Structure formats: C-alpha cells, structure tokens
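Just so we're aligned, residue 1287 is where the sequence shown starts under the numbering used here, counting upward by one.
Read the structure below first, then the notes.
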Amino acid sequence: SSTDQILIGGKENDLSIWSLETGRCVWQAQNVPHDFLDIRRPVWVTDMYCIPWQPHRIAIGTAHNEIRVYDPNVKRRPLVNLSVGKHPIVALATSQESPNEIMYSDTQGIVGKIDIETKLPTGLFTGNAGSVRGLVCHPTLPLLATSGLDRMLRIYDIQSKVVKNKIYVKQ
C-alpha cells in the first residue's frame, strides 16, 4: 500500500513485497497447505491486484486457476483461496460498486465474477473470443472494460453483465 514498495511474483516465486528504498523484501507470502495427499501445491503467480478500498488487501491470480487474497498485516497465508474454472487466470479487477467481488479472466476468454466472502461465482461476462488479457473497472460507474487477443475492447455493465459497447482496436 506504500508508494515505495513493489509486488513481485511468478513461476515458483510466491507473492512478495519489496522496498524500493532498501532493496529488501519486507513481506513474503507462504504457500497454501499441502493437498489431501500431502503433495506440495505449485506456485505460479500470473496477476496481482491491490484492492483500493480494502487497505493492505492483495488479490493474485495463478496459472493453476486459483484466486488468492492476502492481507500482509494479518498472516502470510492467503485469507481466501478459490479455485475458478479450468484454465490459468491472467487478469483481475474489482469495482467499488461490488467491493466483495473480483472480476477475473482466463486464457480461454472466460470473464467471470466471484464473491470472495461467500466464495460463490456471481456470473459470467459473455461475448469474448480468445484470451482476455486486460480488465479495468471504471472508478465511479459500474462498468468493466476488457481487452484481449481478438483485438476487441468491450465495455460491460457490471450488474447486468451485458456488453454496452465494443470497439475494434487496430495495432
């Protein structure tokens, strides 16, 4: 939550927070517990998102189709660990209109919304063709913008999940 810190994560590199002033790690996430067969769960962070209206909350997406929510002030393990779909998560976003919900996209073009408190999916945004690589919510209006490999920018209404507008974006 500080401007002199950055988030780091990747393949077999769990979420960590580094200070730009000192060049040292100030917080390191701990992996989730082993599964029921006592096998270590692999780590592969693909997207990170600081939730603006929930101080110190960080959401990450993984290549193992999981969404995790951390609070570095509470503990090193995730507060929430949700398995979503069957494909790697590539983008995350949240909206002030629905602060407990996280919008996500995967490598197959599925854009969905999940409630992190009830741990239940709350809907899908349809109409995408190909992987959606970017999600952004409007700061004040209930709108979600998506962009992906099909070169279309789509604007959705977050409540109704209907496409309000779509624009072909040239290179």
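For glycine and all other residues, C-beta sits at the position ideal for the given N, C-alpha and C.
It should be emphasised that the depicted structure is a prediction, and the values quoted were computed from it without experimental measurement.
Cβ-based burial, residue i [other Cβ within 10 Å; buried from 16]
| i | result |
| --- | --- |
| Ser-1287 | At Ser-1287 the pLDDT is 48, less than 50, meaning the model places this residue with poor confidence; the figure from the coordinates comes in the next sentence. Exposed, since its Cβ has fewer than 16 Cβ neighbours within 10 Å. |
| Asn-1299 | exposed |
| Ser-1446 | exposed |
| Thr-1426 | exposed |
| Thr-1502 | Residue 1502 lies beyond the residue range present for the chain, which begins at 1287 and ends at 1457; the question has no answer from this structure. |
Beta-ladder partner(s) of residue i, from DSSP
| i | result |
| --- | --- |
| Ala-1315 | The partner list for Ala-1315 (beta bridge, DSSP) is empty, contrary to what the question assumes. |
| Gly-1409 | Lys-1399 |
| Ile-1375 | Asp-1392 |
| Val-1418 | Gly-1434 |
| Asp-1333 | Gly-1347 |
| Ser-1384 | Ser-1381 |
| Trp-1245 | Absent from the structure is residue 1245, since the part of the chain shown begins at 1287 and ends at 1457. |
| Lys-1452 | Arg-1440 |
| Ser-1369 | Glu-1352 |
| Gly-1296 | Asn-1299 |
| Ser-1446 | Answer by DSSP bridge pairing: none, since Ser-1446 is not bridged. |
Residue i vs residue j beta-carbon contact at 7 angstroms
| i | j | result |
| --- | --- | --- |
| Ile-1353 | Val-1370 | yes |
| Tyr-1356 | Ile-1344 | yes |
| Met-1389 | Leu-1421 | yes |
| Leu-1365 | Asp-1333 | no |
| Trp-1304 | Pro-1358 | no |
| Ile-1444 | Glu-1383 | yes |
Sequence-distant residues of its chain with Cβ nearer than 8 angstroms to residue i (five each side left out)
| i | result |
| --- | --- |
| Leu-1368 | Glu-1352, Ile-1353, Arg-1354, Ile-1400, Ile-1402, Lys-1405 |
| Leu-1306 | Asp-1290, Gln-1291, Ile-1292 |
| Lys-1452 | Gly-1413, Met-1438, Leu-1439, Arg-1440, Ile-1441 |
| Lys-1456 | Arg-1437 |
| Glu-1387 | Thr-1380, Ser-1381, Lys-1399, Ile-1400, Asp-1401, Ile-1402, Thr-1408 |
Contacting residues, own chain, Cβ-Cβ under 6 angstroms from residue i (five flanking each side not counted)
| i | result |
| --- | --- |
| Gly-1416 | Gly-1395, Gly-1434, Leu-1435, Asp-1436 |
| Ala-1431 | Val-1422, Ile-1441 |
| Lys-1297 | Trp-1330 |
| Ile-1346 | Leu-1301, Val-1331, Met-1334, Arg-1354 |
Cβ separation of residue i and residue j, assumed to be a contact under 8 angstroms, to the nearest whole Å
| i | j | result |
| --- | --- | --- |
| Thr-1393 | Pro-1374 | 5 angstroms |
| Met-1381 | Pro-1328 | Contrary to the premise, residue 1381 reads as Ser rather than Met in this sequence. About 30 angstroms separates the two Cβ atoms, so there is no contact after all. |
| Val-1418 | Val-1448 | The Cβ separation is near 16 angstroms, so there is no contact. |
Proximal residues to residue i (C-beta, below 7 angstroms), its chain only, five neighbours per side dropped
| i | result |
| --- | --- |
| Arg-1363 | Gln-1316, Val-1318 |
| Ile-1294 | Ser-1302, Trp-1304 |
| Asp-1321 | Arg-1327 |
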